[in-house]
Amino acid sequence: MNARRQNILRLFQSMGYRHDTYKLFADFCELAALSLSNAVDPAQREGREARYLQIVKGYTREEVELFPRVLAEVTLGLEEGATDLLGAVFHDLELHNKYRGQFFTPFEICRMMASMIVGSKEDLRRLIEQRGYITACEPACGAGAMVIALAETIRELGINYQRHLHVTAVDVDAKAAHMAYIQFSLLHIPAVVVVGNSLSLEEREHWYTPAHVLGGWTGKLQRAQAAGLVEVEEVAELAVPTPAASRPSAPVTLPAVGQMTLF
Ligand SMILES: C[S@@+](CC[C@H](N)C(=O)[O-])C[C@H]1O[C@@H](n2cnc3c(N)ncnc32)[C@H](O)[C@@H]1O
3 MNARRQNILR LFQSMGYRHD TYKLFADFCE LAALSLSNAV DPAQREGREA RYLQIVKGYT
63 REEVELFPRV LAEVTLGLEE GATDLLGAVF HDLELHNKYR GQFFTPFEIC RMMASMIVGS
123 KEDLRRLIEQ RGYITACEPA CGAGAMVIAL AETIRELGIN YQRHLHVTAV DVDAKAAHMA
183 YIQFSLLHIP AVVVVGNSLS LEEREHWYTP AHVLGGWTGK LQRAQAAGLV EVEEVAELAV
243 PTPAASRPSA PVTLPAVGQM TLF
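When you read off a place in the sequence shown, starting at 1, and then add 2, the result is the number in this note's numbering.
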């Protein structure tokens, strides 16, 4: 187990004597997701801010201060290498079997599957050339391991997933959706994460990543839909206003040291 995972476990364990670990983990995920969303999604900010304040009421000041420290460790962990870090921590804390029997796919399996799906760089380039990007849908995303592996596989082929990939990910469990949303946000994957049921098509919440909003993906997908290039369902709920300033999107490069590469 790497140092980041150990640090995250220690931080959760330091609060564990007063709180149920499952609730603690779920609250951390929701608080982090709310903070990230509130930075980019003004349409939902008021309700999400109220929800944030409601959750923190259940913790002491010292405990509340531990949550950003966990998020810092997650951020640094993903900076060190794209992986399903929160999914791994979820298993480390032995939460996967409690209540729901929720097991996430080991990241190496996700990597193998992603490379089989993506194929060669030439195949991928041909697909991207059709409209400038590809879309992916994960109907039972868990913490997002399959999507993270897909993004990493694309990056390794020398293609900037932050520009050329858009993801729609769904999970019926809000905690799982929050985990995926945090990791996609930190890895700057353009995505909408839906809390909903992929079988009944019920949609309860929509979480737009910073890369989605800053990259103007609502407009891009709507234009593609108008041109008949995207399935209608893919853009039906994308109602977040796109900020005027879109993020400059340079190719992803990973220097050994120096400025963080996630953003
Ligand atoms: C075995 S986990 C796999 C998660 C992820 N795809 C992975 O490979 O790590 C299955 C996930 O599907 C979600 N799920 C189950 N039924 C669902 C449904 N009807 N709609 C959306 N998500 C569902 C569960 O909450 C759980 O997070």
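Each residue gets a CB set at the ideal place from its N, CA and C atoms; glycine is no exception.
Under the three-state DSSP convention, the category residue i falls into
i      : result
ASP173 : strand
TYR19  : coil
VAL242 : For VAL242, the pLDDT reaches just 37, beneath the cut-off of 50, and the residue's location in the model is therefore unreliable, leaving the point undetermined.
GLU32  : helix
VAL237 : Its pLDDT being 39, under 50, VAL237 is placed unreliably by the model, and the measurement read from it follows with that caveat. Note: VAL237 maps to helix in three-state DSSP.
THR137 : strand
SER159 : Per the sequence presented here, residue 159 reads as Leu, with Ser not at that position. Of the three classes helix, strand and coil, the one that applies to LEU159 here is coil, per DSSP.
LEU167 : strand
MET3   : coil
PRO44  : helix
PHE14  : helix
GLU96  : coil
CYS143 : coil
LEU189 : coil
GLN104 : coil
GLN8   : helix
ALA84  : coil
ALA153 : helix
GLN227 : helix
GLY217 : coil
TYR54  : helix
THR77  : helix
Distance, residue j Cα to residue i Cα
i      : j      : result
SER202 : GLY134 : 31 Å
LEU223 : TYR19  : 47 Å
PRO108 : ALA147 : 8 Å
ARG50  : ASN40  : 7 Å
ASN9   : PHE27  : 14 Å
GLY89  : PRO44  : 28 Å
GLY121 : LYS59  : 49 Å
TRP209 : MET3   : 30 Å
GLY221 : ARG206 : 22 Å
GLU124 : GLU131 : 10 Å
GLU217 : GLN15  : Note on identity: in this sequence residue 217 is Gly, with Glu being the wrong assignment. Spanning the two alpha carbons is a distance of roughly 38 Å.
VAL149 : VAL169 : 8 Å
VAL237 : GLY230 : For VAL237, the predicted model reports a pLDDT of 39, less than 50, meaning its position is unreliable and no value from the coordinates is stated.
LEU97  : VAL91  : 9 Å
TYR54  : LEU36  : 7 Å
VAL242 : ALA171 : With a pLDDT of only 37 at VAL242, under the threshold of 50, the placement of this residue in the model should not be trusted, and no figure is reported.
ASN162 : GLY79  : 20 Å
Per DSSP, the bridge partner or partners of residue i
i      : result
ASN199 : GLU204
TYR210 : VAL194
LEU68  : None; LEU68 has no bridge partner.
Closest Cα partner of residue i within the set the options
i      : options                           : result
ASP29  : ILE10, HIS180, GLU96 and GLN46    : HIS180
ASP86  : LEU73, GLU110, SER117 and CYS139  : GLU110
PHE106 : CYS143, ALA176 and LEU152         : CYS143
GLN104 : GLY221, LEU188, MET17 and TYR24   : TYR24
GLU140 : ARG127, GLU124, ALA116 and GLY218 : ALA116
TRP219 : ARG53, PRO192, GLY83 and SER200   : PRO192
ARG127 : LEU95, ARG165 and GLN185          : ARG165
ALA213 : ARG6, LEU38, LEU13 and ARG225     : LEU38
GLN185 : MET17, LEU13, GLU75 and THR137    : GLU75
ASP22  : ALA228, ARG71, TYR61 and MET114   : TYR61
LEU152 : ARG113, LYS177, LEU189 and ASP175 : ARG113
HIS65  : THR155, LEU189 and LEU13          : The sequence shown places Glu at residue 65, rather than the His named in the question. The shortest Cα separation from GLU65 among THR155, LEU189 and LEU13 belongs to LEU13.
HIS190 : ASN199, ARG6, ALA178 and VAL215   : VAL215
Buried or exposed by the 16-neighbour rule on C-beta atoms within 10 Å, applied to residue i
i      : result
GLN46  : buried
GLY160 : exposed
ASP173 : buried
GLU32  : buried
ARG157 : buried
GLU67  : exposed
GLY83  : exposed
ARG71  : exposed
ALA138 : buried
ARG63  : exposed
Contact with chain C by residue i, beta-carbon distance below 9 Å
i    : result
ASN9 : This model lacks chain C altogether; it includes just one protein chain.
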